[in-house]
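Residues 9 to 464, numbered by this note's numbering, are exactly what the sequence shown covers, in order. Below is one structure, written out as structure tokens, with a few remarks after it.
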Amino acid sequence: MSTSPAGPQPPADGLLSAARRNLRELVLGLSHASHPSTPLLAHAPRLWQRLLPYVVVLALVGTFIPVTITNLITQYGVPGALAGALGVAQAAPLVMLAHRPLQAWWIIFPADVLGALVLLARPADPHDVWPWTPPAIVAYLFLLLALGLRETRRTVIGVWAVTGAAGAVLHLIAPDRSGGSTLLLTILGGVVLVIGGAVRERGVAQRRLAEQETISEAERAQRTLLEERTRIARELHDVVAHHMSVITVQADSAPYRISGLPKAAEEEFTAIATAARESLGEMRRLLSVLRSEGTEGDRAPQPGLDRLQQLVEATVRAGLPAELALSSELSSGRCEVPPAVDLSAYRIVQEALANVVRHAPGAHTRVLVAPDNGHLLVLVVNGPAATRGSPLETSGTGHGLIGMRERVRLTGGTLDTGPLPDGGFRVAARMPLPPATAPTTSPSAAPPAPLPPEDL
């Protein structure tokens with residue numbers, strides 16, 4: 009019984025086309041540098057770091073030109089003029105390693121091959137190293153290191169393959185003169201290229217990671233801003249929905265509560281109730297879009313200035329010495345605060361106190377809320393942490409401050425935050441009040457003491 013092959017075999021012309029494609033890519037990699045001609049370490053933060061590659065290549069050129077010429081004259085008996093030309097051709101392009109290592113290879117590699125052919129015409133000596141001389145091997149390793157640090161993997165593999173192939177051809181031309189320099193350069197060159205490539209790829213990975221972290225932080229800040237806007241929209245909906253419901257009930261019940269209303273007035277109340285119900289329906293549909301899928305909004309009434317005392321007392325029970333100064337106009341209800349400003353003031357105080365707990369545990373904190381020249385002033389100031397120990401959170405993303413700013417911005421106010429000289433922190437928000445109800449008196453409470461330099 010005959011057995012069928014394990015799978016379809018690729019056609020011969022398919023293999024040939026793949027080989028031609030790989031060969032074209034190899035030639036392209038050897039003929040075109042994969043990086044701009046910017047110097048190595050061009051973006052380093054310090055001047056000496058940026059100048060270091062130039063110092064190194066100048067030292068290499070100043071070392072290898074005389075060493076190569078002297079070696080060719082004394083050990084191989086090459087005439088002085090020819091030795092000088094070969095030495096310059098094999099070592100002078102090392103000055104290009106800082107910014108154009110591939111172009112330097114285009115010059116040095118042919119010069120090394122030419123030097124091997126020149127030495128082939130000289131009388132053989134048992135102690136000669138051929139086809140690559142010792143200075144040429146060491147200089148070539150520096151060249152390969154620069155290539156590994158700057159060029160792509162495809163290019164360095166091509167350089168290594170061409171170098172090994174050239175050494176093999178020269179060995180076949182004169183096997184009796186060939187020592188171990190061909191194999192030595194091939195092995196050492198491969199090691200150097202691997203080291204340089206690993207360093208290069210590690211640097212590329214670190215740069216990409218830093219870029220990704222920057223992008224991720226920007227995305228987190230944007231997401232926080234959008235989430236805070238959504239939360240504000242939900243909360244404002246709940247506040248406004250309450251008042252719209254009251255309007256609907258009052259408009260519907262007016263004809264029953266007030267006797268003797270003319271027909272036109274009853275129709276007007278009916279129209280008001282109908283418009284209020286339509287507005288409520290639109291807001292509920294908007295809320296269903298804003299809420300996250302599978303979650304429900306808070307059913308409790310939205311908090312406001314009337315619950316600040318409970319908030320501060322809960323903070324004190326948590327171990328934070330906090331004081332609340334609420335103006336008499338607000339506590340007695342003589343100053344009417346719009347629902348949006350009322351809710352925003354509560355959330356700002358809530359977030360500021362949470363930041364004190366996180367970043368300055370035990371710090372003495374004062375909260376001041378009072379009308380001030382047509383605005384509602386919300387001031388939260390804390391001192392430094394009670395102990396010098398580590399806070400609950402040593403770093404923050406700033407997302408809490410983003411939420412505060414967004415709330416204040418949507419009410420048309422301003423927010424000022426920042427550290428204090430004694431190590432505390434200050435959060436000050438000013439939100440406009442309606443002209444008809446806003447008192448013109450300034451807050452009489454004394455300015456508080458110091459909040460943490462970091463927020464969430």
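The beta-carbon is built from N, C-alpha and C at its ideal position, and this holds for glycine as well.
Option in the options with minimal Cα separation from residue i
i	options	result
ARG208	ALA326, ALA154 and GLY420	ALA154
GLY92	LEU105, THR76 and LEU217	THR76
LEU36	THR163, ALA26 and ALA182	THR163
ILE255	ALA229, ARG228 and ARG285	ARG285
VAL365	PRO379, ALA393 and LEU338	ALA393
PRO311	PRO329, ARG325 and PRO346	PRO346
GLN83	VAL103, ASP133 and GLY197	ASP133
ALA129	ALA436, ALA182 and GLU275	ALA182
LEU102	PRO61, VAL86, GLY85 and LEU90	PRO61
THR395	PRO109, LEU328, HIS135 and ILE356	LEU328
ARG342	PRO379, VAL257 and ASP184	PRO379
ILE280	SER253, PRO270, GLU227 and ALA229	SER253
GLN258	LYS271, ALA283, PRO270 and GLU243	ALA283
VAL324	ALA371, GLU227, PRO118 and LEU55	ALA371
ARG185	VAL86, ARG355 and HIS135	HIS135
ALA326	ILE356, ARG355 and PRO369	PRO369
ALA169	SER25, SER336, ALA322 and LEU31	LEU31
ARG215	ASP430, HIS51 and ARG28	HIS51
THR190	PRO270, ARG210, LEU149 and ARG228	LEU149
ALA505	VAL86, LEU24 and GLN358	Past the edges of the chain, shown from 9 to 464, lies residue 505, and the structure says nothing about it.
VAL96	VAL375, ARG228, SER340 and ALA147	ALA147
Sub-8 Å separation of residue i and residue j beta-carbons
i	j	result
ALA353	MET439	yes
LEU441	HIS383	yes
HIS107	THR46	yes
VAL140	ASP120	Position check: residue 140 holds Trp in this sequence, whereas Val was assumed. Yes; because the gap between Cβ atoms is below 8 Å, this pair is in contact.
MET291	VAL349	no
ILE145	LEU192	yes
PHE72	PRO142	no
ARG434	VAL389	yes
SER320	ALA330	The question names Ser, yet the displayed sequence has Val at residue 320. Going by C-beta atoms, VAL320 is nearer than 8 Å to ALA330.
VAL212	GLY156	no
LEU316	VAL377	yes
ILE410	THR194	no
THR171	GLY197	yes
GLU274	PRO263	yes
ASN363	GLY426	no
GLU243	LEU418	no
LEU313	LEU338	yes
ALA437	LEU428	no
Beta-ladder partner(s) of residue i, from DSSP
i	result
ASN390	THR373 and PHE433
ASP424	ALA436
ALA330	THR373
PRO379	LEU384
Beta-carbon separation (whole angstroms), residue i vs residue j, contact threshold 8 Å
i	j	result
GLY70	ILE81	With 8 Å as the limit, GLY70 and ILE81 do not qualify as a contact, their Cβ atoms being about 18 Å apart.
TRP113	LEU151	6 Å
MET104	GLN111	6 Å
GLY432	GLY391	4 Å
LEU38	GLY166	5 Å
LEU48	GLN57	Not confirmed; about 10 Å, so no contact.
PRO109	ARG158	5 Å
Any non-hydrogen atom of the ligand GDP within 7 Å of residue i CB
i	result
LEU193	Among the ligands in the structure shown, none appear at all, so the ligand GDP cannot be discussed.
- Task: Specify whether the stretch 56-69 and the stretch 120-132 touch according to this definition: at least 3 beta carbon pairs, one from each stretch, less than 8 Å apart.
- Result: no
- Message: Below 8 Å, how does it come out for the stretch 217-237 and the stretch 414-425: are there three or more Cβ pairs, yes or no?
- Response: yes
- Examine the Cβ distances between the stretch 176-184 and the stretch 214-222 and report whether three or more of them are shorter than 8 Å. no
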